Amino acid sequence: MSTARTELVAAAARLAELGLSPGSSGNVSVREGEEIVMSPTGADLAALDAERLSVLDDAGTLLAGPRASKEFPLHRAFYRRDPAFTAIVHLHSACASAVSCLAPWSERSALPPITPYFVMRVGQTPLVPYADPGDPAQAEAIERLAWPFRAALLANHGLVVAGRTVAEALDAAIELEEASKLLLLLGDRPIRTLEESDAVRLGERYGSPWGG
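Under my numbering, the residues of the sequence shown are numbered -17 to 194, in order.
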């Protein structure tokens, strides 16, 4: 069994332990060469089995395992955007889902640069217009966005993050949920964000997209 699959199962269990994957919601994947290995449809992230994951090619053809989540096109869109991405996390976590129901801070990011850690670990996070879960049109919209990003909020739905490793995707998902929580706690108060120059500098230093 590959290390990536074992890490994916452990990361999914951690997300469930943190309460970020209510019920059987959310899905995770890793890319292994030309194949995408993904949590099956309706799977509980707390109870994934590394030997019972869905294996698909880039066209979405099931090569092995049970039927994959309908969100496969969403995962594939991120893998197509950047060959460096090897892991994807999609969650319906409460705070990020709540922020996905609000107007975005800007065209390029639903959240402002509220903390250095949000910029360092996540980066700009566009709000993608609503589409029904699994609708390929939403994945196509993600592929068409012209600026760099490794995380997005799906309007009225939840979060999706990509990472160069499983650990990076896990950390980014947790950080995005925490940044969303902070934003909700601040409510209507005037927010002092990082200066744009500070966010850009941090993004360049830590390889997380901000601006550009």
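We treat Cβ as the ideally placed atom computed from N, Cα and C, and that holds for glycine. For clarity, every value in this text was computed on a predicted model and none was experimentally measured.
Using only CA atoms, which one of the options lies nearest to residue i?
i, options, result
"Leu127", "Leu(-10), His72, Glu89, Leu84", "Glu89"
"Leu35", "Met20, Ser82, Arg58", "Met20"
"Phe67", "Val142, Leu135, Leu165", "Val142"
"Ile70", "Leu84, Phe54, Ser162", "Phe54"
"Pro98", "Arg63, Glu122, Leu158", "Leu158"
"Leu136", "Ala123, Val148, Thr147, Arg146", "Ala123"
"Ser179", "Trp192, Arg171, His139", "Trp192"
"Pro4", "Ile173, Ala161, Ser79, Leu184", "Ser79"
"Leu(-10)", "Glu160, Val148, Pro118", "Val148"
"Ala154", "Ala133, Lys163, Asn138", "Ala133"
"Pro95", "Tyr61, Leu2, Leu184", "Leu184"
"Asp39", "Glu16, Ser51, Leu27", "Glu16"
"Leu166", "Gly189, Leu27, Ala85, Glu150", "Ala85"
Does the beta-carbon of residue i have 16 or more other beta-carbons within 10 angstroms, so that it is buried, or is it exposed?
i, result
"Trp129", "exposed"
"Cys77", "buried"
"Arg187", "exposed"
"Gly8", "buried"
The beta strand (DSSP E) with residue i in it runs from where to where?
i, result
"His195", "Outside the modelled stretch of the chain, which goes from -17 to 194, sits residue 195, for which no answer is possible."
"Ala144", "140 to 145"
Of all Cβ atoms in chain D, is any one closer than 8 Å to the Cβ of residue i?
i, result
"Pro55", "The structure shown has no chain D; it contains just one protein chain."
Output the boundary residues of the alpha helix (DSSP H) element that contains residue i.
i, result
"Glu(-1)", "-15 to -1"
"Glu186", "178 to 188"
"Ala92", "Neither: Ala92 is in no alpha helix (DSSP H) and is coded neither H nor E."
For a minimum of 3 consecutive residues, which ranges assigned as the beta strand (DSSP E) are wholly contained in the stretch 8 to 51?
9 to 14, 17 to 20, 36 to 38, 44 to 46
In the stretch 102 to 161, which residue ranges form an unbroken alpha helix (DSSP H) of at least 4 residues, counting only runs that do not cross its ends?
118 to 126
Take every Cβ of the stretch 27 to 44, pair it with every Cβ of the stretch 105 to 115, and state whether three or more of those distances are shorter than 8 Å.
no
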